[in-house]
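Residue numbers (our numbering), protein chains in the order written: chain A, 1 to 696; chain B, 1 to 310.
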Amino acid sequence: MPDLLIELFSEEIPARMQARARADLKKLVTDGLVEAGLTYRSAGAFSTPRRLALSVEGLDAASKPVREERKGPRADAPDKALEGFLRSTGLTKDQLELRDDKKGQVYFAVIDRPGRPAAEIVGEVLAAAIRNFPWPKSMRWGDGSLRWVRPLHLILCILSDEAGAEVVPLEVDGIAAGDTTRGHRFMAPDEFSVVDFDDYAAKLRRAKVMLDSAEREGAIAQEAANLAFARGWEIVEDPGLLAEVAGLVEWPVPLMGEIEARFLDLPPEVLQTSMKEHQKFFSARNPKTGRIEGFVTVANIETPDDGATILAGNQRVLAARLSDAVFFWENDLRVAKAGMADWAEGLKSVTFHNKLGSQADRVARIAALAREIAPLVGAEPDQAARAAELAKLDLRSEMVGEFPELQGTMGRYYALAAGEAEAVADAARDHYSPLGPGDAVPDAPVSVAVALADKIDTLTGFWAIDEKPTGSKDPFALRRAALGVVRLVLGNGIRGNLLEIMTPAGLMLTTLLKTSGYKSAHADLLAFFHDRLKVHLRDQGIRHDIIDAVLAQPGNDDLVLVVNRATALNEMLSTEDGQNLTQGLKRASNILAQAEEKDGVEYSFGADPKFAETGAERALFAALDAAEPAIRAAVAKEDFPAAMSAIAGLRAPIDAFLDAVQVNTENQIVRRNRLNLLSRIRAAGREIADFTRIEG
Amino acid sequence: MTSPRSDAAPRCFQDVILRLQNHWAKSGCAILQPYDMEVGAGTFHPATTLRSLGPKPWAAAYVQPSRRPTDGRYGENPNRLQHYYQYQVIIKPSPPNLQELYLDSLRAIGLDPLVHDVRFVEDDWESPTLGAWGLGWEVWCDGMEVSQFTYFQQVAGYDCAPVSGELTYGLERLAMYVLGAEHVMEMPFNDPDSPIPLLYGDIFRQTEEEYSRWNFEQADTGTLFQHFRDAEAECERIVTAAEEDSAGRRILMAHPAYDQAIKASHVFNLLDARGVISVTERADYIRRVRALTRKCADLFMQTGLAQVAA
Chain A
1 MPDLLIELFS EEIPARMQAR ARADLKKLVT DGLVEAGLTY RSAGAFSTPR RLALSVEGLD
61 AASKPVREER KGPRADAPDK ALEGFLRSTG LTKDQLELRD DKKGQVYFAV IDRPGRPAAE
121 IVGEVLAAAI RNFPWPKSMR WGDGSLRWVR PLHLILCILS DEAGAEVVPL EVDGIAAGDT
181 TRGHRFMAPD EFSVVDFDDY AAKLRRAKVM LDSAEREGAI AQEAANLAFA RGWEIVEDPG
241 LLAEVAGLVE WPVPLMGEIE ARFLDLPPEV LQTSMKEHQK FFSARNPKTG RIEGFVTVAN
301 IETPDDGATI LAGNQRVLAA RLSDAVFFWE NDLRVAKAGM ADWAEGLKSV TFHNKLGSQA
361 DRVARIAALA REIAPLVGAE PDQAARAAEL AKLDLRSEMV GEFPELQGTM GRYYALAAGE
421 AEAVADAARD HYSPLGPGDA VPDAPVSVAV ALADKIDTLT GFWAIDEKPT GSKDPFALRR
481 AALGVVRLVL GNGIRGNLLE IMTPAGLMLT TLLKTSGYKS AHADLLAFFH DRLKVHLRDQ
541 GIRHDIIDAV LAQPGNDDLV LVVNRATALN EMLSTEDGQN LTQGLKRASN ILAQAEEKDG
601 VEYSFGADPK FAETGAERAL FAALDAAEPA IRAAVAKEDF PAAMSAIAGL RAPIDAFLDA
661 VQVNTENQIV RRNRLNLLSR IRAAGREIAD FTRIEG
Chain B
1 MTSPRSDAAP RCFQDVILRL QNHWAKSGCA ILQPYDMEVG AGTFHPATTL RSLGPKPWAA
61 AYVQPSRRPT DGRYGENPNR LQHYYQYQVI IKPSPPNLQE LYLDSLRAIG LDPLVHDVRF
121 VEDDWESPTL GAWGLGWEVW CDGMEVSQFT YFQQVAGYDC APVSGELTYG LERLAMYVLG
181 AEHVMEMPFN DPDSPIPLLY GDIFRQTEEE YSRWNFEQAD TGTLFQHFRD AEAECERIVT
241 AAEEDSAGRR ILMAHPAYDQ AIKASHVFNL LDARGVISVT ERADYIRRVR ALTRKCADLF
301 MQTGLAQVAA
C-alpha cells in the first residue's frame, strides 16, 4: 500500500489562515480519495508560512472495479425516454439489457467501471482541491488565472512504496507536480527531492524548517520560558499570540530583551498591548516587582552573531513605539490631573448615534440612571453617578486613541490620577463587563451600578428608536448587552423589578426623542431579556418549558425570583414524584378547562367537603386544606424548595382522586363541587408556576 | 562580495536611494522621475495607477515625494514628517521572482537577510480614494516595517489582468535604520565626508516647520473647498469632452483628467488636516475622489496605452 505526500509551496501564507488551511487540505483531499474509491489508514496535515503539506498513509494502490446497474425506461416507453437514458449512461441501445419486471420488460444498463490506479485519482483530486481551495481571501498573480492565497510556486506530489517513489502526474495553471521542495528561505534556499514523508520531514529539518506548527509552538514556549527563567522572570502566557508567531516562522529562534528603564513606569497593560499588537513580542514579568520588564521576540533565523543585530534592531523599534506611548501617557496624565475637563468637553463632539445624541448626552443619562440604581446594589448614589460621569472619558485620551482595546483600563489609571476614589476608578475599568458569556461579572457595588446603567441606557435607547437586532444582524451588540444585564442581576442577586429600574431611562428618552410613552417598548425589551435568560439558563441545564412555566407568573421582571422558582421547579421535576404531580396537575387543569369551556363559566370557588362522596375526595380536601397555607407561606417567604415539597405532598391524593372519582357525573351538584375542588388544585399549582406549560 | 559589511553599507540618505535606483535599473525597470504634482503616496503617480490598468507589460521604479499634511510635527518628531519620500516599484505582470528581486534590493542597501530577520507579514492593501486593493505583506526587518509588498487585484474598480506587483519603501525610515540614525533630521543626506556635508534637517527642518503651520493653521479653507470643487468640475469636463480635437484627431485626455483627480485628493488631505471635515462628510469626499479616479480609468481604458498591440 503506497503512501501519499503532498506539499503546496507558496509565498508567505498569513499566519491566521494556516490552521484552517491544514484542515481544509486534509478534508478536500481525503474526501476526494474516498469518494473515488480509495481508502487510507491515516492522514495528517502540516503548515509553515511557506507550505501546506499532507501525508496520507496506507492508501489503496488502485480503486476496486465497480459494476453499476441502472434501471431505465420500460421497453414500451416513448423514444424520448430511452434517448435520455442512453445519454445519461453514455451507452448505445444494443449495450442495454432487457429484463422482466413486474410491469413488463424494462431496459437495464450495466456499466463496468474498471479500478483506477491511485496516481490517476490523486492527480484529479489534488488538482480540484487546489482550484477550489476555500481560502478566506485569495488572489491572482502574474498573468495567470489560478487563485491561491499568495503566489503558488511548487507542487510536490508523490506516491511511495517499497519499490520507490513516483511523481503523480498533474499540472495546475502551468505548475507541474514534482518531487522537490525548498528549505528555509535564507538558511537553505536550494531545491531538493524527497522520496517519502519521513525523508521529507528529516530533510526539511536539516534545511532549517520545523514542519509541525505544534512543534514550533512548543519550541517557542519552552525556549521563551528558559530565557525568562535565567533572569528570574516569567512569560505572560498568551496562546493566541503563540499560535500566530508559530505561523510566522519556519525555524523559531526566541531572543530575549530588556525594556529600557525609562519605559518601566508605563502601565503593564500598555507595555503588553504595544508589544503584542505592534511587534508580536511576548511579555516577561518580574515576579519580584510585579512589572513587565522584558520581552521575547521570535526570529526566523540563526545568525553568526547569535541574533545580536536582530535583537538590537527590535530594541530600537520597541523604543520608538514606547516613546510614543510615554508621550501619550504623559499628555493624558496632565489632562487627568487637571480633572479631565477637556475630555468631558470632547465627548460633546462625538456622536453616539444620530438619534440618541452625543457621547456626552449618553454619559449624562447613564449617570442619572446609575444614581437611581445605586441603592438597589448597595452603592452610594453620588459615587455611582460620579463614576458614570468619568467612565467614558478615557475614550478621548491619546492612549485609547492609539490602542482602543485599552478603553476602561486607562480610564481607571486616569481616574486615580485625577484623585478619584478607588471604587470610582474601578468602575471606569469594569463597567464594560461582562463582555462575553465567559467574562467575569463585576461585583463591586459602584461598578455594578454603572455597568447596569450603561447597558440599560444602550438597550432602552435602541429600543426607543426601534433599532433592534434582527436575525444574525446585531450591529450594536444588543444581545451581548442584554445578557450582560441578566448576568449582572443574577450574579449579584439584585432584587428589583426591571420594568421599574428601566423607567427613568424611558422617561429621559421620551424627553430626548419627544415621543410619547415607552411602556410598550420596555415590555418588548423585557421579552428580549427573557430570551437571553432562557439561553443563559439552558446552558445551566434548565429546560425552556420550565422557564416558560415560571415566566407566566407575576413578577417575571424580577429575574432573581424567576431563577429561584425555575431552579426549585427544575429540581422537583427531576424526581418521579414531581413528574407524576405535574401529570396530575395537568390532568386536573384539562378536565377543568374542558368543563369551563363547555359550561361557559369559571369554576373557582365554593368546593364543599359535605358533598364529597368518596374517601378519595375527602382525603383530597384534607390534603389541600393542609397544603394551601403551607404553599402560600413558603412562596411568600420565597422559599421555593419548601413550596415544592408542600405541593409535592398533593401528588398521592390527586392521583387517588382522579383514579377513583368520575368528575363529570350525572348529579350536577356533585359535579360542580368536584370541578370546584379541581380549581383548588389548579390554584395551588398556580402559586408556583403554570404547570400546563411543562412539556411531557 | 567578501568585503566586511561595514564597507558595503551606505553612508547617507542619497546613497540608499542611488543603490535602489541602480538595483531596479539592473533588474530591468525604467527609472522614472517623480511626478510633478502633490500626492499622498507613490501609488498616485500615473505610472502606477493608470499603467497598472490594461494588458500592456510595464516595469518602472521611481522616487516619489509624498505629502501627508496630518503627519506634520514641525520637524520635531524623530520619525514623522508631512513631506517624505517613497520609493516605488511597479512591474506588470508580476514576475515569479519578485520576492527575490526585492530581497536583493535589501542586500543592495546593506541589509543582509542572513544577519537580519526579514519577514513577510500579512497586510492587505486598500486605497478607498483609488478604488484599489491588493493582497500582500508588510515586510519586516528586525521587527520594523520597511516596505509594503502588494499584488494589485483591482484598481479604479477594474480587475487587474495581468496582475501588477507593487513595492513601496518608506525611504526615510528605511535609511534611518540602515544608517543607525535616531532622529530623521540628524541623518546625513549626502556623504558625511563631502566638502559641504548636509544633514536631512539642513534641508527639511525649516520646511517641515513652515508647512506644519500652514497645514494646521493657515491654509485657507474657503479657498481649498473652492479648489476641490474646481478640480472636480474640470475633471468631469475633461472626461466628457468630445473625443476629437479641432483638427478631427481622436485624442482622449485621460492623463490631464487624472491630474485633476490627484489635485482633488490632495486638497481633501489638506482640508482633513485643517480639521474641517466631519466624520460623515469624510466618507463622502473619499467617495467623490474615487468617482473621479474611476472616470479617468474608464477613459484610460479606451486609449492606446490600454489596448493590446495589433
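We treat Cβ as the ideally placed atom computed from N, Cα and C, and that holds for glycine.
Model, not experiment: these values are computed from the prediction.
Asked                                                                                                                                                                       : Found
Kindly list, in the order they appear in chain B, the residues whose Cβ is closer than 7 Å to that of I310 (chain A).                                                       : H116, D117 and D142
Measuring alpha carbon to alpha carbon, tell me which of A:A109, A:P78, A:K27 and A:K102 ends up nearest K93 (chain A).                                                     : A:A109
Please name the residue in A:Q407, A:T48, A:A523 and A:G436 whose C-alpha comes closest to that of A477 (chain A).                                                          : A:G436
May I ask which residues mark the beginning and end of the beta strand (DSSP E) holding S283 (chain A)?                                                                     : F282 to N286
In chain order, what residues of the segment 176 to 197 of chain A put their CB closer than 7 Å to some CB of chain B?                                                      : F186
Please report how far the alpha carbon of G157 (chain B) lies from the alpha carbon of A264 (chain B), in whole angstroms.                                                  : 19 Å
Can you tell me the Cα-Cα spacing of K26 (chain A) and F133 (chain A), whole angstroms?                                                                                     : 11 Å
Residues of chain E with a CB under 7 Å from the CB of N300 (chain A): which are they?                                                                                      : Any reference to chain E falls outside this structure, whose protein chains are A and B.
Could you pull out every residue in the same chain whose Cβ sits closer than 8 Å to the Cβ of R565 (chain A), ignoring the five residues on either side in sequence?        : V550, Q553, F640, I688 and A689
Excluding the 5 residues flanking R693 (chain A) on each side, which residues of the same chain have their C-beta closer than 8 Å to its C-beta?                            : D545, D548, A549 and A552
Taking 8 Å as the CB-CB limit, is W137 (chain B) close to chain A?                                                                                                          : yes
Report, in whole angstroms, the separation of the C-beta atoms of P248 (chain A) and L152 (chain A), which I expect to be a contact under 8 Å.                              : Note on residue identity: the sequence assigns Leu, not Pro, to residue 248 (chain A). Contact doesn't hold; Cβ gap of about 19 Å is too wide.
Around the Cβ of Q668 (chain A), are there at least 16 other Cβ atoms within 10 angstroms (buried) or fewer (exposed)?                                                      : exposed
Within 8 Å, do at least three Cβ pairs link the segment 191 to 198 of chain B to the segment 111 to 126 of chain B?                                                         : no
Alpha carbons only, please: which of A:P381, A:Y413, A:A243 and A:D382 is nearest the one belonging to K392 (chain A)?                                                      : A:Y413
On the criterion of 16 or more Cβ atoms from any shown chain inside 10 Å, does S42 (chain A) qualify as buried, or is it exposed?                                           : exposed
Can you tell me where the beta strand (DSSP E) with P254 (chain A) in it begins and where it stops?                                                                         : V253 to E258
Helix, strand or coil for F476 (chain A), going by three-state DSSP, please let me know.                                                                                    : coil
Under a three-way DSSP split, which group does P96 (chain B) fall into?                                                                                                     : coil
Based on the DSSP output, what are the partners of E122 (chain B) in its beta bridges?                                                                                      : B:W137
With burial defined as no fewer than 16 other Cβ atoms inside 10 Å of the residue's Cβ, what is the status of S6 (chain B): buried or exposed?                              : Only weak support exists for where S6 (chain B) lies, its pLDDT of 42 falling under 50; the coordinates are left without a value.
Contact defined as beta carbons within less than 8 Å: I believe H321 (chain B) pairs with S94 (chain B). What is the distance between those atoms, to the nearest angstrom? : Residue coverage of chain B in this structure runs from 1 to 310, which leaves residue 321 (chain B) outside it and unanswerable.
Answer with yes or no whether the minimum CB distance from D342 (chain A) to chain B is below 8 Å.                                                                          : no
Alpha carbon to alpha carbon, how far is R140 (chain A) from A21 (chain A)? Give it in angstroms, no decimals.                                                              : 18 Å
If the criterion is Cβ atoms closer than 8 Å, does the pair L159 (chain A) and A119 (chain A) meet it?                                                                      : yes
Distance check for D198 (chain A) and A177 (chain A), CA to CA, integer angstroms please.                                                                                   : 19 Å
Apart from the five residues on each side of it in sequence, which residues of its chain come closer than 6 Å, Cβ to Cβ, to L356 (chain A)?                                 : G461
Is the Cβ of D305 (chain A) closer than 8 Å to any Cβ of chain B?                                                                                                           : yes
So for F225 (chain B), helix, strand or coil by DSSP?                                                                                                                       : helix
Would you mind sorting P4 (chain B) into buried or exposed? The rule is 16 or more other CB atoms within 10 Å of its CB.                                                    : Note that P4 (chain B) scores 38 on pLDDT, short of 50, meaning its location in the model is unreliable and no value can be drawn from it.
Distance, Cα to Cα, A354 (chain B) vs D245 (chain B)?                                                                                                                       : The structure shown does not extend to residue 354 (chain B), since chain B spans only 1 to 310, so no value can be given for it.
With a threshold of 8 Å between beta-carbons, can T297 (chain A) be considered close to chain B, or not?                                                                    : yes
Would you call the segment 269 to 280 of chain A and the segment 401 to 413 of chain A in contact, with 3 or more CB pairs under 8 Å?                                       : yes
Compare the C-alpha of A319 (chain A) against each of A:A367, A:V106, A:L459 and A:R262 and name the closest.                                                               : A:R262
What does P93 (chain B) touch in chain A if you count any residue whose Cβ is under 9 Å from its own?                                                                       : W141, G142, D143 and G144
Please list the residues of the segment 217 to 251 of chain A that have a C-beta atom closer than 9 Å to any C-beta atom in chain B, keeping them in chain order.           : L248 and V249
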